[in-house]
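The sequence shown maps to residues 30 to 288 in this note's numbering. By construction, the Cβ of each residue, glycine as well, lies at the ideal position given by its N, Cα and C atoms.
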Amino acid sequence: MIEIKNIHKRFGMHQVLKGINLTVHKGEVVTIIGPSGSGKTTFLRCLNLLERPDEGIISLHDKVINCSFPTKKDTRWLRKQTAMVFQQYHLFTHKTVIENVMEGLTVARKMRKQDAYAIAENELIKVGLQDKLNAYPSQLSGGQKQRVGIARALAINPDVLLFDEPTAALDPELVGEVLEVMLDIVRTGATMIIVTHEMEFAKRVSDQVVFMDEGVIVEQGTPDEVFHHTKIERTKRFLRRVSPEYLYEIKEHIKEPVI
Ligand code: ADP
Ligand code: MG
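Right, dumping it as structure tokens:
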């Protein structure tokens, strides 16, 4: 379980996160939705201290990290437990696909190259890129690049996977292949926090849906509660804007409840 308490983050005078609390149990999938600029990316980045919160506590495995004064050791430890998939992939352009996936293992984990290669190859097979191990990112489509990003995150075997709008930079016809790979990961029982605008996907995979606006969590609940029994007017307005058909019946919900 990861417990996040009272995360605050300010950039200059702009208070971007105003006290975010979230508990994610092992094996849960939480999706975060909300308008552009509401602080979703900043929140995810705070969770692995790519951004240092001004205030807040993250508890994971009985370890409690005071985010405003994390020690180097805490930061390293937390980054081992979490892995981020970025909207813009963030691949090394001068490294091959498999070298990109090995990087976190050989550098941060000091793993032997041979062992890292075996893990990286295995993860790339899982995302369907066994034919692209020695290709360079420039030779890949956006969907393939993002699958490399996902394989890289999986390779370090994190406790929590963080996805920041993983399909937002893709041409529409490439979105499906990335969502398919994410569905496979959901089925493995991984703990995932996903920022997305893919509402059908969010309905289908989430244990909890969180609607964020202006640096606060406005509404939170099961997909059925948030999408079909929306309580807060602000959430309703957002849902109407992004998916005018949002009152449609919920589709197949693939997950069993987490105990
Ligand atoms: P979202 O992901 O929901 O679109 P972001 O977390 O990216 O929102 O941004 C929230 C707000 O914080 C925006 O107004 C953005 O301009 C601001 N912001 C984000 N990162 C920085 C930064 N490094 N410096 C200054 N302002 C930032
Ligand atoms: Mg964002």
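Here residue 121 carries a coil assignment [DSSP, helix/strand/coil]. At least one heavy atom of the ligand MG lies less than 6 Å from the C-beta of residue 70. Ranked by Cα distance from residue 269, the first of 239, 228, 236, 237 is 228. Look at residue 151 here: in three-state DSSP terms it is helix. Short of 8 Å from the beta carbon of residue 52, and not among the five residues preceding or following it, lie these beta carbons of its own chain, in chain order: 30, 31, 32, 33. Take the alpha-carbon of residue 255 and the one of residue 262: they are about 11 Å apart. In the structure shown, the three-state DSSP call for residue 81 is coil.
Straight through space, the alpha carbons of residue 146 and residue 236 are spaced by roughly 34 Å.
Take residue 180, set aside five residues on each side of it, and the residues of its chain with a beta-carbon closer than 6 Å to its own are 130, 152, 153, 156, in chain order. Note on residue 77: 16 or more other CB atoms within 10 angstroms of its CB, so buried under the neighbour-count rule. Apart from sequence neighbours up to five positions away, the residues of its chain that approach residue 64 with a beta-carbon distance below 7 Å are 242, 267, ordered along the chain. The three-state secondary structure of residue 112, taken from DSSP, is strand.
At a Cβ-Cβ threshold of 7 Å, residue 178 and residue 126 do not count as neighbours.
Each residue's CA atom was taken as its position, placing residue 175 and residue 133 some 16 Å apart. Relative to the ligand ADP, the nearest heavy atom lies less than 6 Å away from the CB of residue 67. The beta-bridge partner set that DSSP reports for residue 42 is empty. Contact annotation: residue 207 and residue 196 have beta-carbon atoms nearer than 7 Å.
Taking 7 Å as the cut-off, the Cβ atoms of residue 246 and residue 239 count as close.
Look at residue 57 here: in three-state DSSP terms it is coil, with no helix or strand label.
The distance from the Cβ of residue 184 to that of residue 222 is about 19 Å, inconsistent with a contact at the 8 Å cut-off.
Contact annotation, residue 120 with residue 166: C-beta distance approximately 4 Å; criterion of less than 8 Å satisfied. A distance criterion of 6 Å places the beta-carbon of residue 59 beyond contact range of the ligand ADP, judged by its closest non-hydrogen atom. Apart from sequence neighbours up to five positions away, the residues of its chain that approach residue 173 with a beta-carbon distance below 7 Å are 158, 161, ordered along the chain. Remark: C-beta atoms of residue 203 and residue 171 approach each other more closely than 7 Å.
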